[in-house]
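Before any comments, here is the structure.
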Amino acid sequence: MSGVWTRAGGAAVPGGVPEGVVAAVAGYGSAEVFGGVYVRYADPRLVESLNECWYRLAVAEGLFGEGGAFLLMPPGGEGGWRRVRLSAEWDLMGAGAETVLGAGAGAGAGAGRPDFTALTLDGGVAVVAASYGGGAGVYAVRDPGGVTGRRLWG
């Protein structure tokens, strides 16, 4: 993932995954989701809007730890959590979704079709990017390890 992660505007961070971090979580209920946005695929600013919302939400919820580090889970939980940080030229929803961070990654998913989860180093907040039938969304989940009815993988 490191080469394509670099294309998406990220860098691996030494240190690994902290002990006790929850496995990737799916299946949040609407009551557990907040602060998000949904953008239709037809929107000419799809990628820009998703990137802007993801970053605003990440900052507001304290995603970035020391040196800007956070945990990232690619689509389907493949490979588990990775400790990463953004570079100055990051583009998670464009180049990232076209490569390792998109729905159907590696199968031509395309820009603006994300499917990944970012997590604070302490596991307290997840910022999720997901693709749906008519558009894509970004939202946050507080205490993802405590979500009832969750499904785990990883």
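Counted from 1, the sequence shown has number 132 at position 128 by the working numbering; the numbering is strictly sequential.
Quick reminder that beta carbons are idealized off the backbone N, C-alpha and C, glycines included.
Item                                                                                                                                                       : Value
Can you check DSSP and say which residues form a bridge with M77?                                                                                          : T121
With DSSP as the reference, label R49 as helix, strand or coil.                                                                                            : coil
Looking at C-alpha atoms only, which residue of Y143, W58, G19 is the closest neighbour of G100?                                                           : W58
Take G39 and list the residues in its own chain whose beta-carbon comes closer than 8 Å to its own, dropping the five residues that flank it on each side. : L61, A64, E65, Y143, A144
What did DSSP end up calling Y104 once you bin it into helix, strand or coil?                                                                              : The sequence given here places Val at residue 104; Tyr does not occur at that position. Correct three-state label for V104: coil.
Whose C-alpha, out of A92, G127, G139, T121, is nearest the C-alpha of A115?                                                                               : G139
Would D147 and A134 qualify as a contact pair, given that the criterion is a beta-carbon distance under 8 Å?                                               : no
From the DSSP output, which residues share a beta bridge with L96?                                                                                         : According to DSSP, which records beta bridges pairwise, L96 is partnered with nothing at all.
With a 10 Å radius around its C-beta and 16 neighbouring C-beta atoms as the bar for buried, classify P48 as buried or exposed.                            : exposed
In terms of alpha-carbon separation, which member of L50, E36, F68 lies closest to G141?                                                                   : L50
Less than 8 Å separating the beta-carbons of G69 and L125?                                                                                                 : yes
Buried or exposed for G106, going by 16 or more other Cβ atoms inside 10 Å?                                                                                : buried
Just verifying my parser: in three-state terms, what is the DSSP assignment at A64?                                                                        : helix
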